[in-house]
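Number of protein chains: 2
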Amino acid sequence: MRVALVNDYEVVARGVAAMLRAYRDEIEIVEVDVNRPVAQPVDITLYDTFAATQGDQLEVRTLSRNPLAGKVVVYSWNTGPELVAAAIANGASAYLSKALPARQLVDSLQAVHRGELPPTDLPKGTTTVVGGDWPGREEGLTQREAEVLALITQGMSNSEIAERTLLSINSVKTYIRSCYRRIGVTNRVNAILWGVAHGFQPDRERIRNPV
Amino acid sequence: MRVALVNDYEVVARGVAAMLRAYRDEIEIVEVDVNRPVAQPVDITLYDTFAATQGDQLEVRTLSRNPLAGKVVVYSWNTGPELVAAAIANGASAYLSKALPARQLVDSLQAVHRGELPPTDLPKGTTTVVGGDWPGREEGLTQREAEVLALITQGMSNSEIAERTLLSINSVKTYIRSCYRRIGVTNRVNAILWGVAHGFQPDRERIRNPV
DNA sequence: CGAGAACACACCCCTAGGGGTGAAGACACG
DNA sequence: CGTGTCTTCACCCCTAGGGGTGTGTTCTCG
């Protein structure tokens, strides 16, 4: 089964690819697309929402209209039923939680491929990070902190970040403060300069056969 | 006469080098130091204060203590008598205005070299830009706008920029607003991202024989 | 000589940003 | 079972940032 991974951050896409490496007999990651359209036929496109628009936005619609992209699966921590329904209405074939262990993720993708997984049937899983990677992980940033910092580094305001991540502005501010402490800055300007120097700007490239 | 040029922005140092190119029979620019100490013996080191500390700060003191640097000459738009006196007290051998036409600049440097120019005798000159270059010039930024944007891109607050440039905070804010309009942004965050993408972060290298 | 540009500065007003503090649920680990 | 961490959110308070508007000096150019 041929799969393309999509996210704006190479480290995130590669993290998912590495997580699935153990199952390469069953699932072939043929392409990692970082800010690029899928460029060869695949069965499934796995769209990771880290620091990206959610499944109900234009990006997923555009993906689902690309004949090369096969079935589009949204891969996210945000699994509210309304959002899931909106993503499916937007052209996604399925919606999977990032809480799924790798084995279950592969099984779910295969079920999607066979047409067996109902779009709205989200597999149960914990909220614990089971794998993957994100920018700033080595600096001790949690996924949410990293996501918020990535969006700050893209020039977004707090309210824009709240909208993009589906968090309240108070949560965003809490993450901002904890980010600042962890990277040793005290204001947005220096947070951005730190982000630019540490790979928090979106990447732009396509990688064939990443693992 | 061997001269080294010092500033944090390669485009600024190269601009001065290009301005003096017509007089290379009389004055040899042997080195352009961008965030690097002078590395070979020269007769004069010309320290440009664009987006840098003024002549009365540590950088000029450090330069004047470097035996390779020869006589240190501060090159600036800020020519207030107190600042000039403080720069001389700080180890500078002379203080020249950036308003000087190239011919007069070369004459002044030669006089400094011969020990004939009194350190506090500032040559008369207009305030018009007669040469040189700065980041963002092609985007229509004036020197002051560019200098303020450079300091913003280095993460400084408005009050820090006012201190560094010897302007009032109201003037700094005026330049910030006009910068934003010219580069098409509306806030500091996007101004910084623009600055990072357009060469407004300090450079770091040494160039031998730049012209 | 007037217009335009660059430089410099003042003052008013409003909001985003960020520091502090507190609380709660879920989960992992010893 | 208690502790620590992550996630999520609230509320209060203060200040930096930035938009608007106005003014003045110096210089260049037509």
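First to last, the protein sequences are chains U and S. Counting along the first sequence from 1, when you hit position 41 you're at 41 in the UniProt record's numbering, and nothing is skipped either side. Counting along the second sequence from 1, when you hit position 205 you're at 205 in the UniProt record's numbering, and nothing is skipped either side. Every residue gets a Cβ at the ideal spot worked out from N, C-alpha and C, and that includes glycine. As the structure is a prediction and not an experimental result, all values here were calculated from the model.
Integer-rounded CB distance, given that residue j should sit under 8 Å from residue i
{"i": "Gln110 of chain U", "j": "Met19 of chain U", "result": "With 8 Å as the limit, Gln110 of chain U and Met19 of chain U do not qualify as a contact, their Cβ atoms being about 16 Å apart."}
{"i": "Asn158 of chain U", "j": "Ile169 of chain U", "result": "6 Å"}
{"i": "Val72 of chain U", "j": "Ala92 of chain U", "result": "5 Å"}
{"i": "Gly136 of chain S", "j": "Phe50 of chain S", "result": "The Cβ separation is near 12 Å, so there is no contact."}
{"i": "Val34 of chain U", "j": "Arg208 of chain U", "result": "The Cβ separation is near 12 Å, so there is no contact."}
{"i": "Val16 of chain S", "j": "Asp56 of chain S", "result": "Not quite, the Cβ-Cβ distance comes to about 21 Å (not below 8 Å), so this is no contact."}
{"i": "Ile192 of chain U", "j": "Ile192 of chain S", "result": "5 Å"}
{"i": "Gly155 of chain U", "j": "Asn190 of chain S", "result": "5 Å"}
{"i": "Val12 of chain S", "j": "Gly132 of chain S", "result": "7 Å"}
Cutoff 6 Å; reference residue i; Cβ partners in own chain excluding five residues on either side
{"i": "Arg36 of chain U", "result": "Arg206"}
{"i": "Gln143 of chain S", "result": "Trp134"}
{"i": "Glu10 of chain U", "result": "Val34, Asp203"}
{"i": "Arg196 of chain S", "result": "Reading the sequence as shown, one finds Val at residue 196 of chain S and not Arg. Taken in chain order, the list of residues that qualify is empty."}
{"i": "His198 of chain U", "result": "none"}
Counterpart residues of residue i in DSSP-defined beta bridges
{"i": "Leu109 of chain U", "result": "Leu109 of chain U pairs with nothing; no bridge assigned."}
{"i": "Arg2 of chain U", "result": "U:Glu28"}
{"i": "Val34 of chain S", "result": "S:Glu205"}
{"i": "Val72 of chain U", "result": "U:Thr45"}
{"i": "Ser97 of chain S", "result": "S:Ser76"}
Other residues of its chain near residue i: CB distance less than 8 Å, five sequence neighbours each side excluded
{"i": "Arg103 of chain U", "result": "Tyr23"}
{"i": "Val38 of chain U", "result": "Ala4, Val6, Glu31, Thr45, Leu63, Asn66, Leu68, Ala69"}
{"i": "Ser171 of chain S", "result": "Ala162"}
{"i": "Ile27 of chain U", "result": "Met1, Val3, Leu20, Val106, Leu109, Gln110"}
{"i": "Asp160 of chain S", "result": "According to the sequence shown, residue 160 of chain S is Glu rather than Asp. Once the five neighbours on either side are set aside, the close Cβ partners of Glu160 of chain S are Leu151."}
{"i": "Tyr180 of chain U", "result": "Thr186, Asn187, Ala191"}
{"i": "Asp25 of chain U", "result": "none"}
Chain-order list of residues whose beta-carbon lies under 7 Å from that of residue i (same chain, five-residue window excluded)
{"i": "Ala52 of chain S", "result": "Asn7, Asp8, Glu59"}
{"i": "Ser178 of chain U", "result": "Glu145"}
{"i": "Gly140 of chain S", "result": "Arg182"}
{"i": "Trp194 of chain S", "result": "Ile183, Val185"}
{"i": "Tyr175 of chain U", "result": "Arg144, Glu145, Val148"}
{"i": "Arg114 of chain U", "result": "none"}
{"i": "Val112 of chain S", "result": "Ile44, Lys71, Val73, Ser93, Ala94"}
{"i": "Thr153 of chain U", "result": "Ile192, Gly195, Val196, Phe200, Gln201"}
{"i": "residue 229 of chain S", "result": "The question about residue 229 of chain S has no answer, for chain S in this structure spans 1 to 211."}
{"i": "Gln40 of chain U", "result": "Val30, Glu31, Leu68"}
{"i": "Lys173 of chain S", "result": "Asn158"}
Next item on the list: Spell out a yes or no on whether the region 183-200 of chain U and the region 161-181 of chain S are touching, meaning 3 or more CB-CB pairs, one atom from each, closer than 8 Å.
Entry: no
Margin query: Quick check: the region 92-100 of chain S against the region 61-78 of chain S, are at least 3 beta-carbon pairs closer than 8 Å?
Written below: yes
Next item on the list: Would you be able to state if there are at least three C-beta pairs under 8 Å between the region 57-66 of chain S and the region 141-150 of chain S?
Entry: no
Item checked: Runs of alpha helix (DSSP H) lying entirely within the UniProt domain "HTH luxR-type" (134-199) of chain U, each at least 4 residues, in chain order -> 143-153, 158-165, 169-183, 188-197
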